[in-house]
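With my numbering, letter number 79 in the sequence shown gets 79, and the count goes up by one each step, no holes. I have placed the structure first, in the form of structure tokens, so that the comments after it can refer back to it.
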Amino acid sequence: MQMPEPDSNTLAKKDRLEARIVEAIGRQAVIGDEVELRAYECDALTAYRCPPMLALLPRSTEEVSKALAICHEMNVPVVPRGAGTSLAGGAMPQADSVILGVSRLTEVLETDYTSRIIRVQTGMTNLAVTGAVEDDGFFYAPDPSSQLACAIAGNIAMNSGGAHCLKYGVTTNNLMGVTMVLMNGEVVELGGAHADAGGLDLLGLICGSEGQLGIVTEATLRILHKPEGARPVLIGFSSNEVAGACVSDIIKAGILPVAIEFMDRLLIGVCDEYSGAGYPDCEALLIVEVEGSEAEIEHQLGLIREIAMRHDPVEFRKATDADEAGRIWAGRKAAFSAIGRISDYMCLDGTIPVSQLPYVLRRIGEMSKEYGLGVGNVFHAGDGNMHPLILYDANKPGDLETCEAFGADVLRLCVEVGGCLTGEHGVGIEKRDLMVDQFAPEDLEMQMAVKDVFDPKWLLNPAKVFPLASSEARRMAAE
Numbered sequence: 001m002q003m004p005e006p007d008s009n010t011l012a013k014k015d016r017l018e019a020r021i022v023e024a025i026g027r028q029a030v031i032g033d034e035v036e037l038r039a040y041e042c043d044a045l046t047a048y049r050c051p052p053m054l055a056l057l058p059r060s061t062e063e064v065s066k067a068l069a070i071c072h073e074m075n076v077p078v079v080p081r082g083a084g085t086s087l088a089g090g091a092m093p094q095a096d097s098v099i100l101g102v103s104r105l106t107e108v109l110e111t112d113y114t115s116r117i118i119r120v121q122t123g124m125t126n127l128a129v130t131g132a133v134e135d136d137g138f139f140y141a142p143d144p145s146s147q148l149a150c151a152i153a154g155n156i157a158m159n160s161g162g163a164h165c166l167k168y169g170v171t172t173n174n175l176m177g178v179t180m181v182l183m184n185g186e187v188v189e190l191g192g193a194h195a196d197a198g199g200l201d202l203l204g205l206i207c208g209s210e211g212q213l214g215i216v217t218e219a220t221l222r223i224l225h226k227p228e229g230a231r232p233v234l235i236g237f238s239s240n241e242v243a244g245a246c247v248s249d250i251i252k253a254g255i256l257p258v259a260i261e262f263m264d265r266l267l268i269g270v271c272d273e274y275s276g277a278g279y280p281d282c283e284a285l286l287i288v289e290v291e292g293s294e295a296e297i298e299h300q301l302g303l304i305r306e307i308a309m310r311h312d313p314v315e316f317r318k319a320t321d322a323d324e325a326g327r328i329w330a331g332r333k334a335a336f337s338a339i340g341r342i343s344d345y346m347c348l349d350g351t352i353p354v355s356q357l358p359y360v361l362r363r364i365g366e367m368s369k370e371y372g373l374g375v376g377n378v379f380h381a382g383d384g385n386m387h388p389l390i391l392y393d394a395n396k397p398g399d400l401e402t403c404e405a406f407g408a409d410v411l412r413l414c415v416e417v418g419g420c421l422t423g424e425h426g427v428g429i430e431k432r433d434l435m436v437d438q439f440a441p442e443d444l445e446m447q448m449a450v451k452d453v454f455d456p457k458w459l460l461n462p463a464k465v466f467p468l469a470s471s472e473a474r475r476m477a478a479e
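Here it is in structure tokens:
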């Protein structure tokens, strides 16, 4: 869906803004060419596109501050952008807005193994953080499937998780401090290389705020010692519901695997073909990984096997070496790429209580028949973070709208059973008008009041997170 092109007033404003920012931070940090701006017209939610007025790629916190101060003075909306991997339209620009990307902020600023922290610029990719410390026996725990490409800035904005979040938590559990630039150009420091900061938990407020409150340019992250060993198992089942019941029983037994991942038949087939993982022929598949010493691993896997056998699995396969373990994970990590080879799709991100997995999986299957669209399920089953992939044909009139309606009903279902609209992808533009299904008017008012404090003009990441009518009214009132 193409968004409206900029009008003549926007074009004139662009020229003035471009001249001022070039003077402040240099020509090479500013992209104004119409063709080059096409690279920034959308993120990974590609159904919606709109080139920004300008794209800015500063090289330091100071340059971010200068650029934001100018935009604030000229009342120009700014859309923060990490690596553009957002699946909810979190980095979607508007024609009158400026993209401010952190892709040039990629330095490691400090490593302290005694305190087990690393301080980095936030344009650094998720996987590169582990790469910077793994030779010394450490790693960074949050591991979203896009970790090869996604930036730490985006991870903080969306509070990203990943397959191993069941044991190690999501970004907020591994974030120690930030350097953040407010919309008016003011630079603030929150948290740092210590376990708990005094006063209000502003760091918790920033993590997951989707670029609504400021742009994080530096982050202090918790790093952990690599475990002594780790081993995944594959467990195949005859139905989605049985697999969901097995997950619920593992959690109820008090076992804490490092990861429990779920895939249904559709995903099993396409991921196996794409990666050569060697998955079994079954309706549903769990990948369960445990870690520790060899004795700990064997003990945990023994308990998991006992539980799995109560559900009459089609197959229970334990990885015998690092190569087989790598193949098991290669298929899961390639899920989104693999499904993209066969169809257009929309990836959802609802979160539910683990006990509700069997019911929700059954209802999604029923909805698939009702809407006439296929759906593949792949998700972090251990913490109930679901990622149904709804398949549609982007070239078929009405298919996208049907897909969106299907997706909205799935997310409402998540809320109905005691879950929430998002686990790690954020609200963005995808779920902004569903916020009323989870939050009462007074709850939304309180959230918007927080943004009033940090961004009184409502210039940061406009038209995201909050219901569109509410956020636009707030922005108009601030002008």
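In this text, a Cβ means the ideal position worked out from N, Cα and C, and glycines have one as well.
- Annotated as proximal: proline 462 and proline 77, with beta-carbon spacing under 8 Å.
- Only residues of its own chain outside the window of five on either side were considered, and among them Leu109, Glu110, Thr220 have a CB closer than 6 Å to the CB of arginine 119, listed in chain order.
- Its chain contains Phe237, Phe262, Ala284, Leu286 as the residues whose beta carbon lies nearer than 7 Å to that of alanine 243, once the 5 sequence neighbours on both sides are disregarded; these appear in chain order.
- For phenylalanine 454, the enclosing alpha helix (DSSP H) begins and ends at 441-454.
- Per the DSSP secondary-structure output, alanine 284 pairs in a beta bridge with Phe237, Asp264.
- Beta-bridge partners assigned by DSSP to tyrosine 392: Asp344.
- Residues Pro456, Lys457, Trp458 of the same chain have their beta carbon placed closer than 7 Å to that of alanine 478, with the five preceding and five following residues left out of the count.
- Counting only the Cα atoms, isoleucine 21 lies some 45 Å from glycine 331.
- Along the length of the stretch 26-77, whole beta strand (DSSP E) runs at least 3 residues long occupy 54-56, reported in chain order.
- Sequence-distant Cβ neighbours of aspartate 281 in its own chain, meaning closer than 6 Å and more than five residues away, do not exist here.
- Between the C-alpha atoms of leucine 166 and glutamate 442 there is a straight-line separation of about 32 Å.
- A direct Cα-Cα distance of roughly 39 Å separates methionine 92 from arginine 231.
- Residue state for cysteine 420 is assigned as strand, using DSSP reduced to three classes.
- Taking a contact to require three or more Cβ pairs closer than 8 Å, the stretch 268-278 and the stretch 344-356 do not qualify as touching.
- Taken atom to atom, the span from the alpha-carbon of asparagine 240 to that of leucine 361 is near 7 Å.
- In summary, alanine 19 is exposed, with fewer than 16 beta-carbon neighbours lying within 10 Å of its beta-carbon over all protein chains present.
- Glycine 419 sits buried, since 16 or more C-beta atoms from the chains shown fall within 10 Å of its C-beta.
- Excluding the 5 residues flanking it on each side, glycine 423 has same chain C-beta neighbours closer than 6 Å at Asp349, Thr351, Asn385, in chain order.
- Annotation: the stretch 323-379 contains the following complete segments of the alpha helix (DSSP H) (minimum length 4 residues), in chain order: 335-340, 357-371.
- A Cβ-Cβ separation of about 7 Å places alanine 88 in contact with isoleucine 429 under the 8 Å criterion.
- Contact annotation, serine 65 with valine 187: C-beta distance approximately 6 Å; criterion of less than 8 Å satisfied.
- When rounded, the separation of the alpha-carbon atoms in isoleucine 339 and aspartate 264 is 12 Å.
- Following the DSSP letters along the chain, one finds glutamate 430 in no alpha helix (DSSP H), marked with neither H nor E.
- Looking at Thr61, Gly374, Ile117, the one whose alpha-carbon comes closest to that of tyrosine 392 is Gly374.
- Excluding residues up to 5 positions away in sequence, Met53, Leu54, Ile70, Cys71, Met74, Val76, Val98 lie with their Cβ nearer than 8 Å to the Cβ of leucine 17 in the same chain.
- Here leucine 175 is buried, its C-beta having at least 16 other C-beta atoms within 10 Å.
- The DSSP assignment places complete alpha helix (DSSP H) segments of no fewer than 4 residues inside the stretch 92-152 at 126-133, in order along the chain.
- By the CB criterion at 8 Å, cysteine 50 and alanine 83 fall outside the cutoff.
- In this structure, the straight-line span from the alpha carbon of serine 160 to that of aspartate 33 is close to 32 Å.
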